[in-house]
Each structure stands twice: as C-alpha cells, then as structure tokens.
Amino acid sequence: MTRQTAPLPEILCIGSVLWDIIGRSASHMRQGSDVPGRITRLPGGVAMNIAMTLARFGMRPVLLTAVGQDPEGDELIHACHELGMETAHVYRSEDLPTDRYMAIEGANGLIAAIADAHSLEAAGAKILRPLTDGSLASEAAPFEGPVALDGNLTLMLLEEIAASPAFARADLRVAPASPGKAERLRPFLAHGRALLYVNLEEAGLLCQREFDTSEAAAAGLIERGAARVLVTNGNKPACDGSAEGLVTGCPPEVLVTRVTGAGDTFMAAHIVAEAEGCDRQEALDRALRAAARYVSGETAF
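So the number in our numbering is just where the residue sits in the sequence shown, counting from 1, plus 35.
In structure tokens, the structure reads:
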C-alpha cells in the first residue's frame with residue numbers, strides 16, 4: 036500500500052521577487068569608501084526572502100509577483116522551483132525586465148541600498164488575477180489561508196488589497212519593503228485584522244513621530260488603529276502588540292555578518308511558529324532567534 040503524505044500548508048507570498056546583488060566587506064565603511072570585499076547575486080526581494088524561510092520549515096509558498104521573460108527571469112523562476120516554491124501563478128511580462136536590488140554592507144551594517152522594483156509596480160493588479168479568476172480563489176470563494184504581503188506594491192494597489200473582498204477571509208501578514216516605503220502601509224492601520232511587521236523607524240514613519248523603544252512604538256501603532264503589530268529594534272528588545280497587551284522579547288547576542296533579509300527571516304519564522312501553535316511569547320522568541328542566526332551567517336531557527 037502506498038503511504039499518503041499530508042500536503043504541505045500553503046501560504047501566498049505577494050510582492051517582490053528579484054535578484055539581490057550584495058557587496059559585503061569586513062571593513063567599517065562610510066560615504067566614498069573603496070574597500071575589498073565580496074559581491075554576490077542571489078534570489079531576493081521581500082516576498083522571496085520570506086518564501087525561502089517558509090519553504091525551509093515545511094510550508095508551500097505560492098508566489099504572486101511579476102518576473103520578466105528575459106534570461107534573468109527564466110533563471111530566477113528556475114531558482115524558485117529549486118527552493119520549493121510554486122511559481123505557476125507568477126505574472127511573466129513580455130516587455131518588463133526582471134527587477135533587481137543592490138546593497139552595500141560593511142562591518143558597521145547596511146551602508147546603502149537601491150531597490151529597482153519598477154516592473155512589479157508597473158504590473159500592478161495583474162499579479163493578483165489568480166485570486167479572482169478561480170485559479171487560487173474567486174470573489175465567491177475568497178482565499179482563506181495565510182498571506183505574506185510586502186510593501187513593494189504601489190500605494191494604490193495596497194489600498195485596493197486592504198479593502199478587497201478577495202482578502203476578507205485571509206490571515207494577512209504585512210511588512211514594508213524598507214523605511215522609505217513604510218508609509219504605504221497606512222491603509223492597513225484601519226484594516227481591522229492585518230498583522231504588521233515593522234522596525235522602530237518604520238513604526239515612527241507610520242505614526243509620524245519618533246519612538247525610543249519597541250514597546251512605545253507598538254502602543255503607538257495600536258492607538259492609531261492597528262489590530263496587531265510586531266516591532267523590532269535591531270539588537271534591542273522587540274515587541275508584539277495588540278489589544279490584549281504587549282509582549283516583549285530580547286534578541287540573542289551574535290556577531291553580525293549580514294543584514295539584508297534579516298527582517299524577512301524574522302517575519303517568516305514568526306508565521307511558521309504561530310502556524311505550529313506557539314503562543315505570542317514563544318512565537319516572538321523563536322522569530323528573534325531565527326533572525327539572530329541569520330545575521331550571524333547561520334540558517335534560521
């Protein structure tokens with residue numbers, strides 16, 4: 036008798052899937068620095084980074100994004116398959132190139148970064164068609180599982196998602212792509228159900244004020260209408276805030292060897308922990324450990 040295996044839990048990952056071009060040096064850097072180091076090209080983007088961690092820990096990420104039909108896009112789609120992701124619903128544009136992200140990291144952290152997600156922004160609502168045409172869901176039968184959404188989409192599309200019946204039954208988890216795009220998440224402050232993952236700077240931008248601690252930032256976001264938030268603050272305590280109260284956790288002390296993708300790893304690890312039934316404290320602690328291991332150069336969890 037053939038043994039039947041249970042299907043992997045499915046999660047939609049909506050947002051940027053692109054090539055990360057990262058230059059890293061062991062030296063401290065400042066503006067104008069010219070130092071030796073290593074330059075790598077890896078699959079990246081917020082949605083992609085989240086999906087990679089989810090796939091490693093037993094979930095089946097379904098990507099909704101835009102990828103060009105250029106050679107870089109073909110190579111990226113192949114890499115996604117190899118990493119355990121479902122790409123059948125990816126929008127493949129004939130005239131838009133595959134997006135890219137470029138960053139410089141030194142021993143003192145991220146020095147500078149440029150995200151070229153113009154193709155994703157230009158594709159707009161086309162990436163969401165599988166949620167209305169019956170491929171994954173429809174207006175009559177909305178998607179009911181978890182959704183990881185990133186802020187690389189345009190403000191107009193994020194506003195549409197916040198109000199769309201297609202997401203009315205989803206477990207919506209939302210993260211900004213960067214502090215520069217944090218204000219795009221304002222539609223989700225009044226959403227009523229979405230869980231926002233932000234760092235201290237992003238929380239301040241959303242509330243239009245400065246915060247000294249993650250606890251103060253979480254309380255500020257709840258006061259502004261957010262249903263639930265997770266606020267990180269580098270190597271300082273993080274906070275899970277909701278109407279039920281605040282839960283805090285401290286990241287383990289580690290030697291930092293990389294920073295790009297740490298927040299995405301934190302978010303994915305937290306989603307997995309809650310999917311496995313962890314309470315708020317344990318889920319936060321597991322996510323902080325995963326992010327710490329990631330920045331130290333180890334794998335997550």
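For glycine and all other residues, C-beta sits at the position ideal for the given N, C-alpha and C.
Just the Cα atoms here: how many angstroms apart are residue i and residue j?
{"i": "Cys313", "j": "Asp105", "result": "42 Å"}
{"i": "Glu245", "j": "Glu218", "result": "14 Å"}
{"i": "Leu241", "j": "Glu140", "result": "26 Å"}
{"i": "Gly227", "j": "Gly284", "result": "25 Å"}
{"i": "Asn268", "j": "Glu317", "result": "18 Å"}
{"i": "Asp288", "j": "Arg324", "result": "Checking the sequence, you will find Glu at residue 288 rather than Asp. Glu288 and Arg324: Cα-Cα distance of roughly 10 Å."}
{"i": "Asp151", "j": "Arg135", "result": "5 Å"}
{"i": "Phe336", "j": "Thr75", "result": "Note that Phe336 has pLDDT 49, beneath the 50 cutoff, so the model's placement of it is unreliable and the number below is only indicative. Going from the Cα of Phe336 to the Cα of Thr75 covers about 24 Å."}
{"i": "Glu195", "j": "Asp69", "result": "44 Å"}
{"i": "Gly159", "j": "Asp109", "result": "20 Å"}
{"i": "Ala41", "j": "Ala198", "result": "Reliability fails at Ala41, whose pLDDT of 43 lies under 50, so the model's placement of it is uncertain and no value is given."}
{"i": "Ile257", "j": "Asn187", "result": "23 Å"}
{"i": "Met94", "j": "Gly58", "result": "30 Å"}
{"i": "Ile49", "j": "Glu117", "result": "19 Å"}
{"i": "Arg73", "j": "Glu121", "result": "31 Å"}
{"i": "Pro96", "j": "Tyr329", "result": "20 Å"}
{"i": "Gly255", "j": "Ile46", "result": "29 Å"}
{"i": "Pro177", "j": "Pro165", "result": "11 Å"}
{"i": "Ala310", "j": "Met64", "result": "40 Å"}
{"i": "Ala201", "j": "Leu192", "result": "13 Å"}
{"i": "Pro222", "j": "Glu333", "result": "35 Å"}
{"i": "Leu77", "j": "Ala261", "result": "34 Å"}
Might you give, ordered along the chain, the residues of its own chain that have their beta carbon closer than 6 Å to the beta carbon of residue i, omitting 5 neighbours on each side?
{"i": "Gly296", "result": "Asn84"}
{"i": "Asp206", "result": "Pro181"}
{"i": "Ala61", "result": "Ala142"}
{"i": "Ser277", "result": "Arg263"}
{"i": "Gly80", "result": "Ser51, Val52 and Leu53"}
{"i": "Arg38", "result": "Caution is warranted here: a pLDDT of 41 is assigned to Arg38, below 50, making its placement in the model unreliable, and no coordinate value can be reported."}
{"i": "Gly119", "result": "Ala90"}
{"i": "Leu190", "result": "Arg219"}
{"i": "Ala326", "result": "Ala297, Thr300 and Phe301"}
{"i": "Met36", "result": "Only weak support is given to the placement of Met36: the predicted model assigns it a pLDDT of 41, under 50, and the question is left unresolved by the model."}
{"i": "Ala252", "result": "Leu235, Ala238, Phe246 and Val266"}
Between the options, which lies nearest to residue i when the distance is taken from Cα to Cα?
{"i": "Arg127", "options": "Ala203, Thr292, Leu111 and Leu265", "result": "Leu111"}
{"i": "Tyr352", "options": "Ala225, Ala212 and Gly159", "result": "This structure cannot settle anything about residue 352, because the visible part of the chain is limited to 36 through 336."}
{"i": "Ser331", "options": "Glu194, Leu290 and Thr267", "result": "Leu290"}
{"i": "His124", "options": "Arg91, Val81, Ala150 and Ala172", "result": "Ala172"}
{"i": "Cys115", "options": "Ala203, Ser51 and Val266", "result": "Ser51"}
{"i": "Lys271", "options": "Ala310, Ile146, Asp320 and Glu311", "result": "Asp320"}
{"i": "Ala203", "options": "Arg221, Leu220, Glu45 and Ala175", "result": "Ala175"}
{"i": "Leu82", "options": "Arg208, Lys161 and Phe92", "result": "With the sequence shown as reference, residue 82 is identified as Ala, and Leu is not the correct amino acid for it. Of the listed residues, the one whose Cα sits closest to Ala82 is Arg208."}
{"i": "Leu230", "options": "Arg328, Ala310, Asp275 and Cys48", "result": "Asp275"}
{"i": "Asp130", "options": "Gly144, Ala101 and Arg328", "result": "Ala101"}
{"i": "Glu156", "options": "Pro165, Gly260 and Leu99", "result": "Leu99"}
{"i": "Asp247", "options": "Met87, Val266 and Lys216", "result": "Val266"}
{"i": "Arg315", "options": "Phe223, Glu279 and Glu333", "result": "Glu279"}
Looking only at its chain, what residues have a beta carbon closer than 8 Å to the beta carbon of residue i, apart from the 5 residues adjacent to it on each side?
{"i": "Pro214", "result": "Asn234, Glu236, Glu237 and Leu240"}
{"i": "Leu145", "result": "Ala138, Ile139, Val294 and Thr295"}
{"i": "Pro71", "result": "Ser60 and Ser62"}
{"i": "Arg259", "result": "Leu224, Leu241 and Cys242"}
Identify whether residue i lies in helix, strand or coil by the three-state DSSP scheme.
{"i": "Asp320", "result": "helix"}
{"i": "Met94", "result": "coil"}
{"i": "Leu118", "result": "coil"}
{"i": "Arg219", "result": "helix"}
{"i": "Pro200", "result": "helix"}
{"i": "Arg315", "result": "helix"}
{"i": "Val233", "result": "strand"}
{"i": "Cys285", "result": "coil"}
{"i": "Pro181", "result": "strand"}
{"i": "Thr75", "result": "strand"}
{"i": "Leu207", "result": "strand"}
{"i": "Glu174", "result": "coil"}
{"i": "Ser154", "result": "helix"}
{"i": "Met64", "result": "coil"}
{"i": "Gly332", "result": "coil"}
{"i": "Asp55", "result": "strand"}
{"i": "Leu99", "result": "strand"}
Give me, in chain order, the residues of the same chain whose beta-carbon lies closer than 7 Å to that of residue i; leave out the 5 immediate sequence neighbours on both sides.
{"i": "Ala322", "result": "Phe301, Ala304, His305 and Ala308"}
{"i": "Met137", "result": "Ile56, Ala148 and Ile149"}
{"i": "Pro132", "result": "Gly103, Asp105 and Ser154"}
{"i": "Gly169", "result": "none"}
{"i": "Glu250", "result": "Cys274, Leu281 and Thr283"}
{"i": "Met87", "result": "Leu118"}
Practice item. Give a yes or no on contact between the segment 174-192 and the segment 299-306, applying the rule of three or more CB pairs nearer than 8 Å. Key: Yes, the segment 174-192 is in contact with the segment 299-306.
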